[in-house]
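Chemist: Heads up: the sequence lines are chains A and B, in that order. Position 105 of the first sequence, counted from 1, bears residue number 105 in full-length UniProt numbering, the numbering being contiguous throughout. Position 21 of the second sequence, counted from 1, bears residue number 21 in full-length UniProt numbering, the numbering being contiguous throughout. The structure follows.
Protein chains: 2
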Amino acid sequence: MEFYDCPVTATLEVIGGKWKPIILYVLMSGTKRFGALAVRIPNISRKVLTEQLRELESDGLLIRRKYKEIPPRVEYTLTPEGKSLWDVFNEMAIWGNNNRRIVKK
Amino acid sequence: MEFYDCPVTATLEVIGGKWKPIILYVLMSGTKRFGALAVRIPNISRKVLTEQLRELESDGLLIRRKYKEIPPRVEYTLTPEGKSLWDVFNEMAIWGNNNRRIVKK
DNA sequence: ATTTAGAGTTACCTTTTTGTTACCACTATT
DNA sequence: AATAGTGGTAACAAAAAGGTAACTCTAAAT
């Protein structure tokens, strides 16, 4: 872990990576169970999904709630900090849409 | 290369990575030579700087101008697309500043 | 003849990130 | 007794990203 003077680098540290944006985006629409996330994010392995969720949790962007039921139920919910990323995603989405020709194919 | 339905993922594909945000940020203040970039971005190796600049160029975010002089002179300038990332960086900077406690140390 | 300067390139290596496969725990149901 | 359902973990493999050191090219200066 390093210290970032640059708030942009800091932000990218937290939301970057191959899967975190999609995970956060899916959770923007509300609490989801582990299995529901896996279904809505095709091709992610359970291992990687678990890893990314744990990182997002320790970065304070979401909360993991485990219910003592059989079979087990685990729910993930964005914290206010997680939800506050909406504006950032929105700006990136605007840029991405305005520059579709730049997007790889 | 893959196709991204998600414009956020597409945007991160183009500006993500360890060095691209800083490179783009430095270029926001105007055209710079290779050596000037290297000085303003401490610890980046020449090889990686070259690689990242080539990628940004092929993504249409900047232009590389080479002058036939000895010793050689090469200048990098943001394209309008590159400059238009300003809003995205701005939003990330806001979030990063509002969430300093989340930033690693 | 050797050195210097700028902007690289090349070959090679290490670290980080992401993916694959198999397996576990616990209970209810068939 | 065997199987299904849920949310994982362990061990290993592959790919991507990043880093290091040495080398190139050319003209002018020492």
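Backbone N, C-alpha and C define an ideal beta-carbon position, used for all residues, glycine too. Note that the structure is predicted; figures quoted are calculated from it, not measured.
Who are the neighbours of valine 8(A) on chain B, taking C-beta pairs under 8 Å?
Modeler: Taking the first sequence and counting its residues from 1, the one referred to as residue 8(A) is at position 8. Result: Pro21, Tyr25, Phe89, Met92, Ala93 and Gly96.
Chemist: Quick one: grab the DSSP three-state call for methionine 1(A).
Modeler: Walking along the first sequence from the start, residue 1(A) turns up at place 1. Any reading at methionine 1(A) must be qualified, since the residue scores a pLDDT of 40, below 50, and its modelled position is unreliable; the value itself is stated next. Three-state result, methionine 1(A): coil.
Chemist: Compute the beta-carbon to beta-carbon distance between residue 106(B) and leucine 53(B), rounded to the nearest angstrom, for a pair I have assumed lies under 8 Å.
Modeler: This structure leaves residue 106(B) out entirely; chain B is present only between 1 and 105.
Chemist: Determine the direct distance from the alpha carbon of glutamate 69(A) to that of isoleucine 94(A), and round the result to whole angstroms.
Modeler: One-based indexing of the first sequence puts residue 94(A) at position 94. One-based indexing of the first sequence puts residue 69(A) at position 69. Straight-line Cα distance between these residues: approximately 42 Å.
Chemist: Straight-line CA distance for serine 29(B) to phenylalanine 34(A)?
Modeler: Numbered from its first residue, the second sequence carries residue 29(B) at position 29. Numbered from its first residue, the first sequence carries residue 34(A) at position 34. Going from the Cα of serine 29(B) to the Cα of phenylalanine 34(A) covers about 45 Å.
Chemist: Reducing DSSP to helix, strand and coil, say where residue 158(B) ends up.
Modeler: The first residue shown for chain B is 1 and the last is 105, placing residue 158(B) beyond what the model contains.
Chemist: Can you check whether the CB of glutamate 91(A) is closer than 7 Å to the CB of aspartate 87(B)?
Modeler: On the second sequence, residue 87(B) is found 87 positions in, with the first residue counted as 1. On the first sequence, residue 91(A) is found 91 positions in, with the first residue counted as 1. Yes, the Cβ-Cβ distance between aspartate 87(B) and glutamate 91(A) is below 7 Å.
Chemist: Using a Cβ-Cβ cut-off of 7 Å, state whether residue 106(A) counts as contacting chain B.
Modeler: Chain A is shown from 1 up to 105; residue 106(A) falls before or after that span and cannot be answered.
Chemist: Quick one: measure Cβ to Cβ for glycine 96(B) and alanine 38(A), integer angstroms, because I've assumed they're closer than 8 Å.
Modeler: What you label residue 96(B) is simply residue 96 of the second sequence in a count that begins at 1. What you label residue 38(A) is simply residue 38 of the first sequence in a count that begins at 1. Glycine 96(B) to alanine 38(A), Cβ: 30 Å. No contact.
Chemist: Using 7 Å as the limit for Cβ to Cβ distance, is residue 194(B) near chain A?
Modeler: Only positions 1 to 105 of chain B appear in the structure, and residue 194(B) is not among them; the question remains open.
Chemist: Please state whether DSSP places lysine 47(A) in a helix, a strand or coil.
Modeler: Locating residue 47(A) in the first sequence gives position 47, where the first residue counts as 1. In this structure, lysine 47(A) counts as helix in the three-state DSSP scheme.
Chemist: Please state the DSSP three-state secondary structure of valine 62(A).
Modeler: By one-based count along the first sequence, residue 62(A) stands at place 62. Reading off the sequence shown, one finds leucine at residue 62(A), where the question assumed valine. Note: leucine 62(A) maps to strand in three-state DSSP.
Chemist: Measure the alpha-carbon distance for aspartate 5(A) versus proline 71(A) and round it to whole angstroms.
Modeler: Against the first sequence, residue 5(A) aligns to sequence position 5. Against the first sequence, residue 71(A) aligns to sequence position 71. Their Cα atoms are separated by approximately 45 Å.
Chemist: Taking glycine 60(B) as the reference, which of Arg73(B), Ile44(B), Lys47(B) and Thr79(B) has the closest Cα?
Modeler: The residue labelled residue 60(B) in the question sits at position 60 within the second sequence. Checked all of Arg73(B), Ile44(B), Lys47(B) and Thr79(B); the closest Cα to glycine 60(B) is Thr79(B).
Chemist: CA-CA distance, valine 48(B) and tyrosine 76(B)?
Modeler: Looking up residue 48(B) in the second sequence gives position 48. Looking up residue 76(B) in the second sequence gives position 76. So the two alpha carbons sit approximately 15 Å from each other.
Chemist: On the CB-based measure, 16 or more other CB atoms within 10 Å of its CB, does lysine 20(A) come out buried or exposed?
Modeler: By 1-based counting over the first sequence, the position of residue 20(A) is 20. Classification for lysine 20(A): buried.
Chemist: Along the chain, where does the alpha helix (DSSP H) that runs through lysine 20(A) open and close?
Modeler: Taking the first sequence and counting its residues from 1, one reaches residue 20(A) at position 20. 20-28 is the extent of the alpha helix (DSSP H) around lysine 20(A).
Chemist: List, in chain order, every chain B residue whose beta-carbon is nearer than 9 Å to that of serine 84(A).
Modeler: One-based indexing of the first sequence puts residue 84(A) at position 84. Within 9 Å Cβ-Cβ: Trp95, Asn98 and Asn99.
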